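Just so you know, the sequences run in chain order G and R.
Sequential numbering from 22 applies to the first sequence in our numbering.
Sequential numbering from 22 applies to the second sequence in our numbering.
Number of protein chains: 2
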Amino acid sequence: MISKELVAASTKPMLLAILAKGESYGYAIIEEVRDRSGGELEWSEGMLYPVLHRLENEKLILSSWKLGENGRKRKYYRLSAAGTKALEVERKQWSTIHNTLTAIWETKACLS
Amino acid sequence: MISKELVAASTKPMLLAILAKGESYGYAIIEEVRDRSGGELEWSEGMLYPVLHRLENEKLILSSWKLGENGRKRKYYRLSAAGTKALEVERKQWSTIHNTLTAIWETKACLS
DNA sequence: TGTTATACCTAACGCCGCTGGGTATCATAC
DNA sequence: GTATGATACCCAGCGGCGTTAGGTATAACA
């Protein structure tokens, strides 16, 4: 079980990264996250949909209703130009924190 | 400027990691974080102290008042046994998310 | 016909960092 | 000697966001 804070921090960059590979929709995104994390990450719908709406509101992603192969209506999301830029910002921020964290961890390893 | 969510997610593991290297106190911790991150991370006191109190409440860290070399009273914190375990849990969770994120990012790189 | 999977949405709650304060001591400068 | 800045601690109120726990609707299957 991943802590709430980590989920909060990783949701936006992960979503943007997934949509950067091509358009997708809510249900499929939840499955992809589960697969990619080897089952460690289990996003809930109640968490994902508000995030999608928020990102759309921020103009980082765009949506359009389409009919899936199974005859069901799906709301497909894709990255906007601003979303692509935002993804890069997210990646840099993540790297900054990750590097700082590993630097401290490695220092500990040296002393112990 | 690092996003609020990322700060929230990294505060606890970073604090535990710093104290794992030896006891320290609020003001010095803020400086260490600033140095370690190359100035990218700037913790505020209003953010740090409540976190320290919370971690102490969770028995992950222990505190004791001491007199610093400069004649000032300082509240020194150190890791408890439970805190050491918690640090390992935090590290694992961080790795899980980091690996998932980089996996998705690399996939994107392959397709583009 | 009813149950499961798909697919979307929302309201109330709680946690937690952020902002913007406050208090006190010590060193330095004027 | 007194003002300023650095050190060092603390707290209240606010807002954002995941969580929990619901709801609606359609297609497939039994």
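Glycine is no exception: its CB is placed at the ideal position from the N, C-alpha and C atoms.
Please read these numbers as outputs of a predicted model, since none were measured by experiment.
- Distance between Ile39/R and Arg55/R, taken at the CA atoms: about 12 angstroms.
- Using a Cβ-Cβ cut-off of 9 angstroms, Ser24/R counts as an interface residue toward chain G, since at least one Cβ of chain G sits closer than that to its own.
- Residue-level contact by beta carbon holds for Leu27/G and chain R, with a gap shorter than 9 angstroms.
- Here DSSP, grouped into helix, strand and coil, assigns Lys87/R to strand.
- Close partners of Met35/R in chain G (Cβ separation under 9 angstroms): Ile118, Thr121, Leu122, Ile125.
- Residues of the segment 46-65 of chain R whose Cβ lies closer than 7 angstroms to any Cβ of chain G, in chain order: Arg57, Ser58, Glu61, Leu62.
- Annotation: the continuous alpha helix (DSSP H) that includes Arg55/R extends over 47-57.
- Scanning its chain for C-beta atoms nearer than 7 angstroms, with the 5 sequence neighbours on each side dropped, one finds around Thr32/G the residues Val72, in chain order.
- Between the beta-carbon of Ser24/R and that of Gln114/G there is about 6 angstroms, and that keeps the pair under the 8 angstroms contact cut.
- The Cβ atoms of Arg75/G and Ser85/G do not sit closer than 9 angstroms to each other.
- According to DSSP, residue pairing for Ile23/R in a beta bridge does not occur.
- Note that the C-beta distance between Leu108/R and Leu37/R is below 9 angstroms.
- For the C-beta of Ser84/G, not a single chain R residue is nearer than 7 angstroms; the gap to the nearest is close to 20 angstroms.
- Contact annotation: Glu26/G and Ala29/R have beta-carbon atoms nearer than 9 angstroms.
- One thing to note: Lys106/R has its Cβ no nearer than 9 angstroms to the Cβ of Tyr97/R.
- With respect to the 9 angstroms criterion, Gly47/G and Glu77/G are not classified as neighbours on the basis of their beta carbons.
- The Cβ atoms of Leu122/G and Met35/R sit closer than 9 angstroms to each other.
- A straight line joining the alpha-carbon of Ser116/R with that of Ala49/G spans about 24 angstroms.
- The beta carbon of Lys42/G sits closer than 9 angstroms to some beta carbon of chain R.
- Under the rule that a run must span 3 or more residues, the beta strand (DSSP E) segments found entirely inside the segment 59-115 of chain G read 82-88, 94-100.
- Judged by DSSP in its simplified three-state form, Lys33/R adopts helix.
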